[in-house]
Amino acid sequence: MNLNPQQIEFLQMAIDLATQNVETGQGGPFGAIIVKDGKVIATGANSVTQLNDPTAHAEVTAIRNACKILETYQLTDCEIYSSCEPCPMCLGAIYWARPKALFFAADKKEAAAAGFDDDFIYLEIPKSLENRNLPTQRYLHPQRLKPFEKWNFSNLKLLY
């Protein structure tokens, strides 16, 4: 896929953000940019170790920042530019944010070569609960459907 010069520039900004994040010791080598109508709305850089937050990945941080700025929980008119192929958590967050496009530079194999291997998560997802490395158990609690029942009849819900 060929990108136009502006898209390449946005991708370079994400790469520069990731590089700067390493040079300043702020976190891992990942950066993300959220763009709407050709303008940068928000950025995010990996700050997992700085914030002691395993969810503080670049893409998740950029999504949170963009949603706050735009006062919405969906980024349907936005594009996401990431310095690297998003991990499973970030990819899930990106799909929930519903941007119109995602562009990334380095892929997950290149990230793995630098010590950021998330392939084990991709391998865990399709496994049955009893075969996962993380002990996982479902309990059929008699009240498990109550939140969904309340949701189905709520006048306060916003569909998303």
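Using our numbering, the letters of the sequence shown correspond one by one to residues -6 to 153.
Note that the Cβ used here is the ideal one computed from N, Cα and C, for glycine as well.
Since we're looking at a predicted model, the values are computed, not measured.
Give the DSSP-derived three-state secondary structure of Phe146 in the structure shown. helix
Measuring straight from C-alpha to C-alpha, what distance separates Gly21 and Val41? 8 Å
Nearest to Gly37 by alpha carbon, out of Thr129, Pro79, Lys101 and Arg137? Pro79
Are the stretch 57 to 64 and the stretch 24 to 36 touching by the rule of at least three beta carbon pairs closer than 8 Å? yes
Hey, quick one: how far does the alpha helix (DSSP H) through Ala106 stretch, first residue to last? Lys101 to Ala106
How about Ala25 and Ser75: are their beta carbons less than 8 Å apart? yes
Where does the unbroken beta strand (DSSP E) through Thr36 begin, and where does it stop? Lys32 to Ala38
So is Asn124 buried or exposed if we call it buried at 16+ other beta carbons inside 10 Å? exposed
Which residue spans inside the stretch 42 to 108 form an unbroken alpha helix (DSSP H) run of at least 4? 51 to 63, 81 to 90 and 101 to 106
Whole-angstrom Cβ separation of Ala90 and Leu4, contact assumed at under 8 Å? Contact flag wrong, Cβ pair sits at about 18 Å.
Starting from the Cα of Tyr88, find the closest Cα among Gln130, Glu103 and Leu68 and give me that residue. Leu68
Which term fits Glu16, buried or exposed, when burial requires 16 or more other beta carbons within 10 angstroms of its beta carbon? exposed
Using three-state DSSP, classify Ile8 as helix, strand or coil. helix
What would DSSP say about Ile118, mapped onto helix, strand or coil? coil
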